[in-house]
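Reviewing the structure listed below.
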Amino acid sequence: MDSIYQFCAMKPDGSVVDFNIYQRKVLLIVNTASGCGFTPQYQQLEQLYQRYKEQGFEVLAFPSNDFGNQERLNGKALQDYCSIDQRLSFSVYDRVKVRGADAHPVFKFLGDKLLNGRVNSRPLWNFHKYLIDREGHVVDYFYSFTKPLSRRLVRKIEKFL
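Counting from 87, one number per residue, gives the positions in the sequence shown under the working numbering.
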């Protein structure tokens, strides 16, 4: 099955979310870190989410400590950082691995064309982004240096909305 809907993931509070709840939505899935030079992208991700959420757009953040030991938070500390310090209203999941043999199944799927049927692009650093269409298919990816409000990324999102 080449859809993101086959997965589930845990939130920082320990609850598990079945990705079926995202059916018929356009998703931007991002691996994040609170101690990264790209962390200011959190605010652009929030702006993007606020701009398009009423049209069926969701941002899913997956904090990871895989790059440069830049995400040491997890659980309640991570939840508080994202909701209180960063004031994020989009979905933030608990810390996961995004590369290697122990990568979360979502990121194994996102990064491997043999699994997702469309793209081969594993995260090279924090804030790697994957765009998912309303059918749950991976349609594009964006490297860390692509800002969430960049014209290229915004146009792609609008195309699928």
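No residue lacks a Cβ here, since even glycine has one placed at the ideal position from N, Cα and C. Being a predicted model, the structure only gives us computed values, none of them experimental.
Practice item. For S177, name the three-state secondary structure that DSSP assigns. Key: strand
Practice item. Identify whether Y229 lies in helix, strand or coil by the three-state DSSP scheme. Key: coil
Review point. Which stretch, first to last residue, makes up the alpha helix (DSSP H) that contains A163?
Key: G161 to D166
Check your understanding: Which first and last residues belong to the alpha helix (DSSP H) in which K199 is found?
Key -> K199 to N202
Exercise for review: Just mark L210 as buried or exposed, buried being the case when its beta carbon has 16 or more other beta carbons within 10 Å.
Suggested key: exposed
Review point. Going straight from the alpha carbon of Y135 to that of L235, what length do you get?
Key: 10 Å
**Study point:** Beta-carbon contacts of E147 that lie in its chain and below 6 Å, excluding the five residues immediately before and after
**Key:** It should be noted that the sequence gives Ala, not Glu, for residue 147. The residues are V116, T118 and V178.
Practice item. Could you tell me whether the Cβ atoms of G142 and V112 are closer together than 8 Å? Key: yes
Exercise for review: Select from P126, Q172, S150 and N160 the residue whose C-alpha is nearest the C-alpha of G100.
Suggested key: N160
Review point. Does the separation of the CB atoms of F153 and N212 fall below 8 Å?
Key: yes
Check your understanding: When the Cα of T232 is compared with those of Q130, V205, R208 and Q156, which residue comes out closest?
Key -> Q130
Review point. Whole-angstrom Cβ separation of G197 and S207, contact assumed at under 8 Å?
Key: 6 Å
Point to revise | Assumed close pair K242, L217 - CB separation to whole angstroms, cut-off 8 Å | key: 6 Å
Exercise for review: Check whether the Cβ atoms of G121 and Q156 lie closer than 8 Å to each other.
Suggested key: yes
Check your understanding: Looking only at DSSP bridge pairs, what is A95 linked to?
Key -> V103
Review point. Taking just the CA atoms, how far does H214 sit from Y227?
Key: 7 Å
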